[in-house]
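Just so you know, UniProt numbering puts 351 at position 351 of the sequence shown, and the rest follows in order with no gaps.
From the three backbone atoms N, C-alpha and C, an ideal C-beta is built for every residue, glycine too.
Since we're looking at a predicted model, the values are computed, not measured.
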Amino acid sequence: MSLRSRLFVSVLFAAFVAALAVGIPLFLGADRLVEQAAERELGIMQRKLDRSITAEVDKALSLAALVARQPAVGQAVAFDDRQRLADIFVPGFDAMKTQYGVEQFQFHTPQGISFLRVHKPEKFGDDLSSFRFTVVEANANKTPVIGLERGRAGIGVRAVHPIEYNGRHVGTVEFGLGFGQEFISGLTDSADDEAELYIFPMDEVATFAAKDTADARSAATFQGEPLLDGATLARVRDGETVPTTSVIGGQPHVGVARPIKDFAGNVSGVAHLLTSQAALQAISSEISWTAAFAALLAMGLAIVVALFVGRRIGGAISGMADRMSQLAGGDLTTEIPALEQKDEIGRMANAVLAFKQAALEKQRVEA
């Protein structure tokens, strides 16, 4: 391989390595950018979920405490005056439901018997002690109990507050706020975000069929079939937070399915939070194409530089080699180029000139 070719290949190889050194991190960085942005958005949604549940619980507790501390309420409960309680609260329940999102408003006896459902006054007297553990605990400990719990109307944000009359515990009052479509819609501020809520309808979800999954989903911010299958729901019910990938409306989404725990720490449902990858993938693709274009441009410039360097340096050295061959062949009339250059080529030219002058001097002496 000629010197010119070796110079060309060397410059081209160096440019190729440099292009890879710049391009590969850009490609990998673009993918990581998408992952980090998705993780950040899902983290924001999860924190908002936790804050929203806490805010609803605090609101329910404030309402329950306000009602429980009214003297007229304590007196009515103590004297089993259901009608008086109904006269006080039933007329205003619709406004309370609209303004505060109250879905259940109920009074209980110390034994856990439903004394009055303000939201359904015709139904009372049923024993709640076998499954309404917030009611049981509040009556047993005579302290407020808050959190998520399932009741006959489904899962909700519950706050149960003890009621006293003349220093004696006479029962409890409960407020239940909605935990469904309106709540889950409040978690998706961005048009790129979606969410769905699953509430377990049975103790065992490992045997869920497609129909069971559809029944379990209680709310969603998008149209279409449930995105989580029975196996995923079973993993979440075991306490695992599961990353997911889905397609909604033709757009790729990444998400996280995380457990929703009731006041006792048991998993009662699943919040599936999702964020779209479409915009992020478009940015990633643009970065990748830019990196590829930059690499190709660099390679093109490298080829031009390699050709220039190969022609200039390789040509000069090749020309100098030709002059040496001519001088060695006895042609002392050949002109030596590049004598004025101040670089290595110029030094080589002056060395060849010295060789020529020595040969001329020898020829003169011999003559």
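Let me know if residue i comes out buried or exposed under the rule of 16 or more other beta-carbons within 10 Å of its beta-carbon.
| i | result |
| --- | --- |
| Pro243 | exposed |
| Thr241 | exposed |
| Gly92 | exposed |
| Ser130 | exposed |
| Phe13 | exposed |
| Asn166 | exposed |
| Val205 | Only weak support exists for where Val205 lies, its pLDDT of 40 falling under 50; the value from the coordinates is given anyway. Counting Cβ neighbours within 10 Å, Val205 comes out buried, since at least 16 surround it. |
| Glu56 | buried |
| Pro110 | buried |
| Glu35 | exposed |
| Ser185 | exposed |
| Leu170 | Going by the sequence as given, residue 170 is Val instead of Leu. Classification of Val170: buried, given that the 10 Å Cβ count is 16 or more. |
| Arg237 | buried |
| Arg217 | buried |
| Glu149 | buried |
| Gly178 | buried |
| Leu280 | buried |
| Leu297 | exposed |
| Phe293 | exposed |
| Ala95 | exposed |
| Arg258 | buried |
How long is the line joining the alpha carbons of residue i and residue j, rounded to whole angstroms?
| i | j | result |
| --- | --- | --- |
| Ser10 | Lys356 | 33 Å |
| Phe263 | Thr134 | 8 Å |
| Leu197 | Val77 | 37 Å |
| Gly176 | Asp192 | 31 Å |
| Arg117 | Phe124 | 7 Å |
| Leu360 | Gly300 | 48 Å |
| Gly239 | Gly230 | 15 Å |
| Met202 | Val270 | For Met202, the predicted structure reports a pLDDT of 44, less than 50, and the residue's modelled location is therefore unreliable. The matter cannot be settled from this model. |
| Ser325 | Phe308 | 25 Å |
| Ile260 | Arg40 | 20 Å |
| Leu61 | Val247 | 39 Å |
| Asp58 | Glu286 | 46 Å |
| Arg47 | Asp189 | 13 Å |
| Thr207 | Glu103 | For Thr207, the predicted structure reports a pLDDT of 45, less than 50, and the residue's modelled location is therefore unreliable. A value from the coordinates is still provided. Approximately 32 Å, taken between the alpha carbons. |
| Gly319 | Ala358 | 20 Å |
| Gln223 | Val304 | 57 Å |
| Val157 | Gln251 | 33 Å |
| Ala220 | Ala278 | 20 Å |
| Thr334 | Ala328 | 11 Å |
| Val352 | Gly330 | 14 Å |
| Pro121 | Arg51 | 32 Å |
| Lys211 | Pro226 | Any reading at Lys211 needs caution, since the residue's pLDDT is 49, under 50, leaving its predicted position unreliable; the model's value is listed next. Distance between the alpha carbons of Lys211 and Pro226 is about 10 Å. |
| Gly265 | His119 | 27 Å |
| Ala354 | Phe16 | 41 Å |
| His108 | Asp87 | 17 Å |
| Ile113 | Ile146 | 19 Å |
| Arg69 | Asp81 | 17 Å |
| Val136 | Ala65 | 17 Å |
| Arg364 | Asn350 | 21 Å |
| Arg168 | Pro144 | 16 Å |
| Arg84 | Gln106 | 14 Å |
| Phe79 | Asn141 | 22 Å |
| Arg235 | Leu128 | 30 Å |
Under a three-way DSSP split, which group does residue i fall into?
| i | result |
| --- | --- |
| Gly255 | strand |
| Glu344 | helix |
| Gly171 | strand |
| Lys362 | helix |
| Ile317 | helix |
| Gln277 | coil |
| Ile163 | strand |
| Ser285 | helix |
| Ser268 | strand |
| Gly176 | strand |
| Ile303 | helix |
| Lys261 | strand |
| Val135 | helix |
| Ser127 | Reading off the sequence shown, one finds Asp at residue 127, where the question assumed Ser. In this structure, Asp127 counts as strand in the three-state DSSP scheme. |
| Phe200 | coil |
| Ala191 | coil |
| Val118 | coil |
| Glu182 | helix |
| Leu296 | helix |
| Leu148 | strand |
Just to check my reading of the structure: residue i and residue j have Cβ atoms closer than 8 Å, yes? What is that Cβ distance to the nearest angstrom?
| i | j | result |
| --- | --- | --- |
| Glu182 | Gly74 | Not quite, the Cβ-Cβ distance comes to about 32 Å (not below 8 Å), so this is no contact. |
| Ile336 | Arg323 | 6 Å |
| Leu228 | Met45 | Their Cβ separation, rounded to whole angstroms, is 16 Å, which puts Leu228 and Met45 out of contact at 8 Å. |
| Ala316 | Ile283 | Incorrect: roughly 49 Å between the Cβ atoms, too far for contact. |
| Pro162 | Ala195 | The pair is not a contact, with the Cβ atoms about 35 Å apart (cut-off 8 Å). |
| Val67 | Val173 | 5 Å |
| Leu42 | Val256 | 5 Å |
| Val254 | Leu233 | Not confirmed; about 18 Å, so no contact. |
Alpha helix (DSSP H) runs contained entirely in the stretch 33 to 107, provided each spans 4 or more residues
As for any alpha helix (DSSP H) of minimum length 4 sitting wholly inside the stretch 33 to 107, the runs are 71 to 78, 82 to 89, 93 to 100, ordered along the chain.
Curious, which full-length alpha helix (DSSP H) runs of at least 4 residues does the stretch 220 to 255 contain?
Given a length threshold of 4 residues, each whole run of the alpha helix (DSSP H) inside the stretch 220 to 255 is given here in chain order: 230 to 237.
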